[in-house]
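**Student:**
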Amino acid sequence: MKKSERETTTVRVHPRLWQTTKIQAVREKRDASDIIEDALTLYLTNLGQQAG
Numbered sequence: 382m383k384k385s386e387r388e389t390t391t392v393r394v395h396p397r398l399w400q401t402t403k404i405q406a407v408r409e410k411r412d413a414s415d416i417i418e419d420a421l422t423l424y425l426t427n428l429g430q431q432a433g
């Protein structure tokens with residue numbers, strides 16, 4: 382998805398989870414917020430498949 386098609390929002394994340402995500406982001410040479418976005422997308426897609 383293009384960045385221009387996305388909506389900006391705030392997500393609250395437990396500090397320990399955020400710290401782990403930032404470490405993983407460095408390892409993957411990615412932005413931590415992109416990892417959170419990918420995880421949330423997978424989660425919501427899975428919910429949609431279960432409901433549908």
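For what it's worth, the numbering used here labels the leading residue of the sequence shown as 382, then goes sequentially.
Virtual Cβ for every residue (Gly too), placed ideally from N, Cα, C.
Which value, in whole angstroms, describes the spacing of the CA atoms of R390 and K403?
**Tutor:** The residue labelled residue 390 in the question sits at position 9 within the sequence shown. The residue labelled residue 403 in the question sits at position 22 within the sequence shown. In the sequence as displayed, the identity of residue 390 is Thr instead of Arg. If you take the alpha carbons of T390 and K403, they lie about 19 Å apart.
**Student:** Closest by CA to K383, which one among Q430, A432, T426 and E418?
**Tutor:** Looking up residue 383 in the sequence shown gives position 2. Cα-wise, what sits closest to K383 is E418.
**Student:** Quick check on the DSSP output: what are the complete alpha helix (DSSP H) runs of length 4 or more inside the region 390–431, in order along the chain?
**Tutor:** 396–409
**Student:** Would you mind stating whether I416 and A406 have Cβ atoms separated by less than 8 Å?
**Tutor:** Looking up residue 416 in the sequence shown gives position 35. Looking up residue 406 in the sequence shown gives position 25. The answer is yes: Cβ separation under 8 Å.
**Student:** Using the C-alpha atoms, what's the distance from L421 back to L398?
**Tutor:** The residue labelled residue 398 in the question sits at position 17 within the sequence shown. The residue labelled residue 421 in the question sits at position 40 within the sequence shown. When rounded, the distance between both Cα atoms is 14 Å.
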